[in-house]
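Going by the working numbering, the letters in the sequence shown line up with residues 1 to 563, in that order.
Glycine is no exception: its CB is placed at the ideal position from the N, C-alpha and C atoms.
Predicted model, so just to flag it, every value in this text is computed and none were measured.
Each remark here refers to the structure printed beneath this line.
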Amino acid sequence: MEIRDKKILVLGGWGLVGSAICHKLMEHNPSAIIISSLRENEAKEAVEALRKEYKDKNPEMFIPKWGNIFTRTEFKDLNWADVLANKDWRKLVISDIYDELDDNILKSSAIYDLVTETKPDIVIDCINTATAIAYQDVYSTTRAVRVGLAKNEINEDTVERLLASIYMPQLIRHVQLVYRSLLDNSVKMYMKIGTSGTGGMGLNIPYTHSEESPSRVLLAKSGVAGAQTLLLFLMARTPNAPLVKEIKPTAAIAWKKIAFDKVYRKGQPIRLVDMNIQDAKPITEPFRKDDLTGVQDLNKDYESVFIDTGENGIFSKGEFQAISSLGQMEVVTPEDIAVYTIFEILGGNTGHDVIQGLDSFSLGPTYRGGMLHNQAIKKLNELEKKYNIHSIAFEALGPPRLSKLLYEAHIINLIVGKIKNIVNYTPEQLSNEAFNEVSKNNVLRSEMLSIGLGILLPDGKKYLRGKNLIVPNIGSDEIIELNDELINYWCKKGWIDLRPSNMQVWIDRFKKIIAQADSISADETSSRFTYNIDYWDNFEDIDEGKVVGWIFEFEDKGWRFKR
1 MEIRDKKILV
11 LGGWGLVGSA
21 ICHKLMEHNP
31 SAIIISSLRE
41 NEAKEAVEAL
51 RKEYKDKNPE
61 MFIPKWGNIF
71 TRTEFKDLNW
81 ADVLANKDWR
91 KLVISDIYDE
101 LDDNILKSSA
111 IYDLVTETKP
121 DIVIDCINTA
131 TAIAYQDVYS
141 TTRAVRVGLA
151 KNEINEDTVE
161 RLLASIYMPQ
171 LIRHVQLVYR
181 SLLDNSVKMY
191 MKIGTSGTGG
201 MGLNIPYTHS
211 EESPSRVLLA
221 KSGVAGAQTL
231 LLFLMARTPN
241 APLVKEIKPT
251 AAIAWKKIAF
261 DKVYRKGQPI
271 RLVDMNIQDA
281 KPITEPFRKD
291 DLTGVQDLNK
301 DYESVFIDTG
311 ENGIFSKGEF
321 QAISSLGQME
331 VVTPEDIAVY
341 TIFEILGGNT
351 GHDVIQGLDS
361 FSLGPTYRGG
371 MLHNQAIKKL
381 NELEKKYNIH
391 SIAFEALGPP
401 RLSKLLYEAH
411 IINLIVGKIK
421 NIVNYTPEQL
431 SNEAFNEVSK
441 NNVLRSEMLS
451 IGLGILLPDG
461 KKYLRGKNLI
471 VPNIGSDEII
481 ELNDELINYW
491 CKKGWIDLRP
501 SNMQVWIDRF
511 KKIIAQADSI
521 SADETSSRFT
531 YNIDYWDNFE
541 DIDEGKVVGW
551 IFEFEDKGWR
561 FKR
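So, in structure tokens, the structure goes:
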């Protein structure tokens with residue numbers, strides 16, 4: 001359909017993809033673009049940016065709207081934790097989800113009010129619905145109910161919180177509300193920018209947030225995303241419904257900017273902490289997650305070089321390079337998504353509308369993403385040199401194993417310098433050198449501890465920790481009796497392991513990398529092989545992100561088959 005002179009509502013218009021789509025829309029002269037975002041400042045910021053860039057256009061054509069569209073209007077600007085903490089409000093939330101849909105529920109909803117007020121011709125939904133619903137984490141609330149049942153202390157509050165976090169009823173109600181909002185207000189087209197939940201990877205995805213692999217919470221996100229696609233497919237088959245399409249990116253979407261600044265996680269800057277070697281805790285003592293004895297607050301924030309991926313947060317060079325490596329999530333740019341979105345709205349056939357083909361029409365990595373990826377890595381390297389800093393890991397992506405591997409590779413890099421030099425070290429020598437590096441390098445040690453990594457010392461009897469310890473993922477009041485099996489498991493999941501046994505693992509890894517590359521003939525110059533000598537720069541350095549990308553593919557079997 002035509003975009004010219006049409007009023008368009010962009011849900012999630014402040015975000016990375018939403019912003020790119022707004023710019024692409026302006027090439028087709030819409031009459032108005034309504035930018036909806038969760039927070040007021042986001043919506044207004046997006047509108048001001050558009051007004052500033054398109055000075056020749058009527059500034060009133062850009063309209064900011066804000067609030068949580070997954071609840072009723074009276075709750076849309078409130079903190080969701082506060083809503084669920086209020087007994088009366090919580091009962092309303094549960095009724096809105098589970099009761100039969102009637103006019104009262106319909107006309108109380110924020111999404112219905114928004115569409116009714118703005119009366120758009122086209123709705124482009126860039127909100128990550130699957131994340132919004134699935135990351136309420138029904139597993140945590142279920143655990144609270146089970147603990148209460150075991151103690152015969154189950155209460156109404158706990159059960160209601162569980163009911164309010166169950167995914168499918170929420171998704172079904174949301175799709176019902178969207179459908180009625182579109183239908184009642186004569187919206188002509190609903191365009192959804194969806195998600196696969198795993199960046200295009202499968203059940204072997206290595207990235208989790210300290211849960212098992214694959215993560216139940218992550219798979220819940222994929223499940224919700226898939227369920228939503230099928231519900232939209234049904235909506236598209238409904239007589240008199242608006243035209244419905246969905247583009248489902250299956251790669252890491254990046255990026256917004258590359259910079260040096262404070263490192264934020266969950267909206268807050270990471271505070272730097274440290275622990276002196278002499279304060280290392282003995283393995284023989286019980287473990288408490290809230291035991292901060294010996295942990296020092298350095299009274300400053302963590303600063304580093306990073307790449308900002310919008311709603312998905314900021315990543316270090318190492319994290320970004322690892323997840324965007326060939327065979328991992330790789331990269332699709334928001335501009336790529338915007339181009340396909342607009343082409344589909346105009347009636348084109350991109351081959352990426354999953355509503356038209358639930359089988360294989362997902363949008364994977366792009367030529368542009370691959371080309372610009374090298375520029376991004378180059379820029380990150382330049383900024384590292386400029387600020388004399390190493391951008392290794394922030395533990396903003398997960399799993400802790402990613403951060404652990406990146407930092408362990410970095411420590412080895414500081415010691416041996418080149419992949420080919422690894423053969424000159426025994427596990428014991430490497431362990432001793434690694435311990436010396438961690439002992440004397442206060443900045444390195446502080447960064448690792450500050451992002452939540454534990455550090456097991458070479459004797460395997462003592463460890464260092466910061467205020468926040470990502471592994472194990474337990475409550476602050478839980479006490480764990482430590483043993484070798486548990487320590488080994490935690491080291492595999494996300495602790496820096498300075499023991500000789502782990503150094504042997506790294507020596508073997510590098511030998512495999514060398515052997516794999518050396519097995520490829522120098523005369524073989526086709527596109528058949530990836531990990532050849534050229535990829536590894538003739539073994540003259542250790543690129544942490546590349547190494548961890550290789551580990552995820554060949555050890556963790558976390559590689560993508562379909563592009």
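Per the Cβ contact rule, the region 155-166 is not in contact with the region 241-261 (fewer than 3 Cβ pairs under 8 Å). In this structure, V263 keeps its C-beta atom at 8 Å or more from the C-beta atom of I342.
Our two residues, N432 and N128, have alpha carbons roughly 47 Å apart in a direct line. Taken in chain order, the unbroken stretches of alpha helix (DSSP H) that lie wholly in the region 99-171 and span 4 residues or more are 103-108, 110-118, 129-134, 138-150, 156-163. Approximately 7 Å separates the beta-carbon atoms of A251 and G369; this is inside 8 Å, confirming the contact. Collapsing the DSSP output to three states places P59 in a helix. In the DSSP annotation of this structure, N185 is not part of any alpha helix (DSSP H), being labelled neither H nor E. Taking the Cα of K6 as reference, the smallest distance to any Cα among I496, Q268, D121, V332 is reached at D121. The region 463-478 makes no contact with the region 383-394, as fewer than three CB pairs between them are under 8 Å.
Straight across, the Cα-Cα distance linking V178 with D336 is about 26 Å.
The region 481-489 makes contact with the region 282-292, as at least three CB pairs between them are under 8 Å. For E42, the uninterrupted alpha helix (DSSP H) run begins and ends at 40-53, by DSSP. Annotated as distal: H352 and I193, with beta-carbon spacing of 8 Å or more. Look at the region 367-447 and you find these whole runs of alpha helix (DSSP H), each 4 residues long or longer: 367-387, 400-416, 427-440. Assigned with DSSP and collapsed to three states, Q176 falls in helix. Per the DSSP secondary-structure output, D274 pairs in a beta bridge with Q296. In terms of Cα proximity to I3, the closest of I33, S19, A20, G18 is I33. Cα atoms of S325 and I412: separation of roughly 21 Å, rounded to the nearest angstrom. Between V332 and T309 the beta-carbon gap is near 11 Å, outside 8 Å, which marks them as no contact. Taken atom to atom, the span from the alpha-carbon of L292 to that of I455 is near 15 Å.
For S36, there is no enclosing alpha helix (DSSP H); the enclosing beta strand (DSSP E) covers residues 32-37.
Minimum Cα-Cα distance from E40 among the listed residues I283, L372, W14 corresponds to W14. Inter-segment contact for the region 401-418 and the region 531-543 is present: three or more beta-carbon pairs are separated by less than 8 Å. Annotated three-state conformation of D508 is helix, per DSSP. In the DSSP assignment, M189 is bridged to I122, L243.
Assigned with DSSP and collapsed to three states, R216 falls in helix. Taking a cut-off of 8 Å for Cβ pairs, the region 269-282 and the region 452-470 touch, as three or more such pairs fall below it. One alpha carbon belongs to F552, the other to N204, and they sit about 9 Å apart.
Counting C-beta pairs closer than 8 Å gives three or more between the region 101-117 and the region 66-84, which meets the contact rule.
Cα atoms of I422 and E428: separation of roughly 13 Å, rounded to the nearest angstrom.
Taking a cut-off of 8 Å on C-beta distances, the region 182-197 touches the region 228-241, as three or more cross pairs fall below it. Y463 is bridged by DSSP to K281, L456. The Cβ atoms of R265 and D297 do not sit closer than 8 Å to each other. Burial check for T238: the Cβ neighbour count within 10 Å stays below 16, so the residue is exposed.
Taking a cut-off of 8 Å for Cβ pairs, the region 486-504 and the region 518-527 do not touch, as fewer than three such pairs fall below it. At a Cβ-Cβ threshold of 8 Å, I323 and Y207 count as neighbours.
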